[in-house]
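See structure below.
Numbering (the numbering used here), first residue to last: 10 to 159.
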């Protein structure tokens with residue numbers, strides 16, 4: 010006879026859970042100051058995600074990019090989208106391609122990411138930031154894409 014015991018699920022301690030006030034990328038960033046100690050003098054910060062295609066992931070990444078750029082001077086944003094397709098998004102956030110965000114969303118992002126309004130807001134923020142920034146933020150795709158480089 011086999012007996013089964015159940016183990017209670019692991020729980021994070023209260024000290025390991027740091028609540029955010031909001032996911033709104035335009036909100037004040039003070040609730041993210043706890044990241045300063047974690048980031049230290051790092052030159053690369055990786056932001057993982059547990060799910061694709063949800064509003065919260067896009068908003069959180071946008072807010073974290075804003076924090077890392079404004080408070081720590083980061084100058085590159087790399088995400089899971091096609092490497093060559095990302096060149097179109099990078100050119101746009103750096104002020105090129107006129108005002109054709111729709112084209113960038115359709116051709117500069119892969120895996121249906123261009124369908125998300127939150128991703129468009131993210132790119133618009135990068136473009137506005139870069140228009141007056143001493144150090145612009147570049148956009149980089151890190152997946153192999155289907156397009157051939159120009």
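C-beta: ideal position from N, C-alpha, C; glycine also.
In this text, all values refer to a predicted model and were calculated from it rather than measured experimentally.
Spatially closest choice to residue 48 from 116, 82, 91, by CA coordinates = 82
Rounded separation between residue 56 and residue 16 - CA only | 31 Å
Touch test, the stretch 64 to 76 against the stretch 100 to 118, Cβ-Cβ under 8 Å, three pairs minimum = no
Quick one: measure Cβ to Cβ for residue 122 and residue 90, integer angstroms, because I've assumed they're closer than 8 Å.
-> 6 Å
Starting from the Cα of residue 80, find the closest Cα among 95, 150, 133, 37 and give me that residue.
-> 37
Residue interval of the beta strand (DSSP E) (run including residue 151) = 147 to 152
Alpha helix (DSSP H) runs wholly inside the stretch 45 to 106, at least 4 long, in chain order | 64 to 81, 92 to 102
When the Cα atoms are used, what is the spatial distance from residue 41 to residue 108?
-> 32 Å
Leaving out five residues before and five after residue 98 in sequence, what residues of the same chain have Cβ atoms less than 7 Å from its Cβ?
-> 113, 117, 118, 132, 148
Test item: CB-CB of residue 68 and residue 32 under 7 Å = yes
Would you mind stating whether residue 146 and residue 84 have Cβ atoms separated by less than 7 Å?
-> yes
How about residue 60 and residue 151: do their beta carbons lie closer than 7 Å?
-> no
Residue 84 at chain C interface by Cβ criterion, 7 Å = Reference to chain C is not applicable here, since this structure consists of a single protein chain.
Between residue 29 and the rest of its own chain, which residues show a CB-CB distance below 6 Å, the 5 nearest in sequence each way excluded?
-> 40
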